[in-house]
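> The sequence shown runs 144 to 352 under the working numbering.
Virtual Cβ for every residue (Gly too), placed ideally from N, Cα, C.
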Amino acid sequence: MAITYDYIDDYLYRIAQPRDLLLQKMEEEAESGAVPIIGPLVGRLLYNLARSSQTKKVLEIGTAIGYSGIWLGRAVAPLKGTVTTIDKDPKRVKWAEKNISEAELQKVIKVLEGDALEILSTLKEEYDMIFLDSDKDIYLDAFKSSVKKLRKGGLFVADNTLWGGDVAKGGRSELTQTMIRFNKEVFGYPGLSTVILPLRDGVLVGLKE
Ligand code: DHB
Ligand code: MG
C-alpha cells in the first residue's frame, strides 16, 4: 500500500496528531477485521478540506465502518451540516451506525443501505463535497452520477487513486486498469480542477469551477 518511501510514511504517521479513543478503537477494529479505512492521515485531510471550504453537505459513497464519515461529520457539525453515506453491505451499515452513535453523530451522519448507483439516481440535493471510497468497479459510474450533484466551488475527493502505485506503472490487473481509466476520465472532466495527492494510497481532489 505504501506508495512513497516507508521512512516518509513512518514519519507522517509518527507526527500525526493524536486521535480520541473512539477513532483509535476504530483503527484497531478495521485492522483486525481487515476492512480498509482511510486512516488518520487521509482522515485529517478530509477534515481540513471540509472545514476550510465551510462544507455543510457531504455525500460519501462507501461507508465501511464509518471512520471517514466520523472525520467528515466532525468537520461539518459546527456548521450544522450533514453527511449522507451509502453502503450496500448490511453488516457494515450496522457496524458504522454503532460507531456513529458512539461518536454522538447520529443526527449529523445518515447511513443509507443499498446499491450506490441506484441511490445516487434518486438523490435530488446539491452537495458541497463528495467523497468516493466504494468498491472500485463502480468508481467511474459513481463519479459520473455524483459529480452532477456537486455544487460549483465544491470538492470531489476519491480514495485509492494510485492503487498501491500500480496505476503509475501501467499495471495490467483489472482493478489497476479500472483506476487508470477512472483517473483519466476525472482529469478530463470539463470544469474540474484536479490533482492527486500521494498520501497513503493516493487521494484525488477535484474542485468544480
Ligand atoms: C483497499 C484499500 C482501500 O482504501 C479501499 O477503499 C479498498 C481497498 C485495498 O487496499 O485493497
Ligand atoms: Mg479506500
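Name, in chain order, the residues that DSSP records as bridge partners for residue 129.
In the structure as shown, the chain starts at 144 and stops at 352, and residue 129 therefore has no counterpart that could be examined.
> Can you tell me where the beta strand (DSSP E) holding residue 340 begins and where it ends?
335 to 340 is the span of the beta strand (DSSP E), which, as asked, contains residue 340.
> Under 7 Å: does the beta carbon of residue 183 sit that close to some heavy atom of the ligand DHB?
Answer for residue 183: no, Cβ out of range of the ligand DHB.
> The beta strand (DSSP E) with residue 234 in it runs from where to where?
Counting along the chain, residue 234 falls outside any beta strand (DSSP E), though it belongs to the alpha helix (DSSP H) covering 233 to 245.
> Would you check if the distance between the CB atom of residue 235 and the CB atom of residue 208 is smaller than 8 Å?
Yes, Cβ-Cβ distance for residue 235 and residue 208 is below 8 Å.
> Hey, out of 173, 218 and 331, whose CA is closest to residue 271's CA?
Residue 218 is the option with its Cα nearest to residue 271.
> How about residue 344: is its Cβ closer than 7 Å to a heavy atom in the ligand DHB?
Checking the Cβ of residue 344 against the ligand DHB gives yes.
> Answer with buried or exposed for residue 342, where buried requires no fewer than 16 other C-beta atoms within 10 angstroms of its C-beta.
Residue 342 comes out buried.
> Compare the beta carbon distance of residue 281 and residue 259 with 8 Å and say whether it is the shorter of the two.
Cβ atoms of residue 281 and residue 259: closer than 8 Å.
> Are the segment 295 to 312 and the segment 321 to 328 touching, with three or more C-beta to C-beta distances below 8 Å?
Flag = yes, the segment 295 to 312 and the segment 321 to 328 touch.
> Please check the pair residue 318 and residue 336, which I expect to be a contact at CB under 8 Å, by giving their CB distance rounded to whole angstroms.
26 Å between Cβ atoms; not a contact.
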